[in-house]
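Numbering (the working numbering), first residue to last: -5 to 401. We put the CB at the ideal spot given by N, CA and C, even for glycine. Have a look at the structure below, then the notes.
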Ligand code: 5CA
Ligand code: ZN
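Now the structure itself:
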């Protein structure tokens, strides 16, 4: 489907260092080593409500990765899905008495506008599940041929026993998996399943639900297979990074990897699994189901500068769990004003040290707070001392290209 317009990324005068990232599977910081283009898959939205700051924080985090790889001299091939048919979307459409397709299109369009306003680089391929039925069906057929599937009534399940490395993405113990699974879309108690952890690949048609024809009967895809099928089609196996929020580690990323690896045991699904922390509000994880949401579009409509919203998100490390407070936006706006004042003066402090520090910080597991601090130091020095003055153009380029903030 249509992505969103790409912001301009100015050329940096220097090359950044190779990018290192915390990989959830190995539980350590690993060097990324893209062969040609760096290949990135980030799980997209389920479009039944507007983009909240938790979503925005996650997409801005992976936008930093995109920018850090580009700064290091790589081209980036970026793929993102849209879960445009799934239980929560259908439930919301029914509740609100609107067509599920209309709801998905409306919220996806709002997401595009929010992402464009936040200067998030768009994916090269933005792919809806409803556009991917042939891909999903072909993957399920391959899994069936590998003996990794079985039926329960009209539904098709994936047998977790068919991938020897199942469990290696999350590193969770079985008890932990059993605890989390039902909270994140799983159905451990369904009678007829061989293992409570087996995941739904194909949901047979139910009255009133959308469905597509398939060799397994009419129905619709399960959640995890959509991301396996889309990533494999547009990036191929063993792509560089599978990304998303930490709520996707299990079962979603574990299962997407397992679906792929049951058919391709020689090729890990992704080389690294990278997860953003959860943003909370009012003491709880911000989530559509809890309803404690701060929407990007609401802040924008209330007059917030999207660059201040972005800067507020960059003040937190992407891996930490943190709470949004309204004061953060006020602080970010004040910082943006200071940076803009320094960058629009005719002369400022030298840019070289800040440039090196920002690029090193980003390459070091996307350490945005450290990069932001480096620009603070530059802005303060510019105010204090214009003796060794230099035109601030390079800082504007740096902040735009590396941090995505237009001054
Ligand atoms: N469509 C699926 C992925 S295939 C999905 O999880 N959609 S979502 O709309 O629920 O979430 C979109 C992205 O935002 C996911 O990467 C998710 O991990 C992330 N996310 C959701 N809530 C938060 C939060 N409170 N803080 C940070 N990231 C979040
Ligand atoms: Zn996904």
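For residue 69, the nearest candidate out of 242, 117, 212 (CA to CA):
117
Taking the runs of the beta strand (DSSP E) that are 3 residues or longer, which of them lie wholly in the region 69 to 111?
70 to 76
Leaving out the 5 sequence neighbours to the left and right, which residues in its chain are closer than 6 angstroms to residue 9 when beta-carbon positions are compared?
67
Can you check whether the CB of residue 305 is closer than 7 angstroms to the CB of residue 393?
no
Return yes when the C-beta of residue 51 is under 6 angstroms from any heavy atom of ligand 1, and no when it is not.
yes
Please list, in chain order, all residues of the same chain as residue 164 whose beta carbon is under 6 angstroms from its beta carbon, the five residues on each side excluded.
243, 244, 248
Please classify residue 367: does DSSP put it in a helix, a strand, or coil?
helix
Mind checking residue 390: buried by the 16 CB within 10 Å criterion, or exposed?
buried
Which residues end up in the neighbourhood of ligand 2 when you take C-beta atoms closer than 5 angstroms to any of its heavy atoms?
37, 221
Go ahead and label residue 246 buried or exposed: buried means 16 or more other beta carbons lie within 10 angstroms of its beta carbon, across all protein chains shown.
buried
What residue range is occupied by the uninterrupted alpha helix (DSSP H) comprising residue 396?
387 to 397
In the DSSP assignment, find the unbroken beta strand (DSSP E) run with residue 215 in it and report its ends.
213 to 215
For residue 269, list the residues DSSP reports as bridge partners.
238
Quick one, are the C-beta atoms of residue 53 and residue 114 less than 7 angstroms apart?
yes
So, under 8 angstroms CB-CB, residue 280 and residue 290 are touching, yes? Tell me the CB distance rounded to an integer number of Å.
Not a contact, Cβ separation roughly 12 angstroms.
Could you tell me which whole alpha helix (DSSP H) segments of length 4 or greater appear in the region 40 to 65?
47 to 65
I believe residue 13 touches residue 251 by the beta-carbon criterion, under 8 angstroms. Please report the beta-carbon distance rounded to the nearest angstrom.
About 21 angstroms; that fails the 8 angstroms criterion.
Check whether the Cβ atoms of residue 72 and residue 34 sit closer than 7 angstroms, and answer yes or no.
yes
Between residue 77 and ligand 1, is there a pair consisting of the residue's CB and a ligand heavy atom that are separated by less than 6 angstroms?
yes
Distance, Cα to Cα, residue 95 vs residue 182?
29 angstroms
Quick one: what's got a C-beta closer than 7 angstroms to residue 119's C-beta in the same chain, skipping five residues either side?
73, 228
6 angstroms Cβ shell around residue 154 - same chain, five flanking residues per side excluded:
160, 189, 191, 192
Based on the DSSP output, what are the partners of residue 160 in its beta bridges?
DSSP lists no partner for residue 160.
Do the CB positions of residue 303 and residue 287 come within less than 7 angstroms of each other?
no
For residue 215, count neighbouring Cβ atoms within 10 angstroms of its own Cβ and tell me buried if that reaches 16, exposed if not.
buried
Does the structure place the region 321 to 333 close enough to the region 368 to 379 that three or more beta carbon pairs sit under 8 angstroms?
yes
Identify every residue that forms a DSSP beta bridge with residue -4.
Residue -4 pairs with nothing; no bridge assigned.
heavy atom of ligand 1 below 6 angstroms from residue 219 C-beta
no
How many angstroms separate the CA atom of residue 238 from the CA atom of residue 262?
18 angstroms
Rounding to the nearest angstrom, what Cα-Cα distance links residue 404 and residue 16 in this structure?
There is simply no residue 404 to check, as the chain begins at -5 and stops at 401 in what is shown.
Taking 6 angstroms as the line, does the beta carbon of residue 273 fall inside it for any heavy atom of ligand 1?
yes
Of all the options 364, 269, 175, which has the alpha carbon lying nearest to the alpha carbon of residue 21?
269
Residues near residue 97 in its chain [Cβ-Cβ closer than 8 angstroms; skip 5 each side]
41, 42, 83, 86, 87, 90
Do the CB positions of residue 122 and residue 57 come within less than 7 angstroms of each other?
no
Look up residue 149 in the DSSP assignment and say whether it is helix, strand or coil.
strand
Bridge partner(s) assigned by DSSP for residue 264:
233
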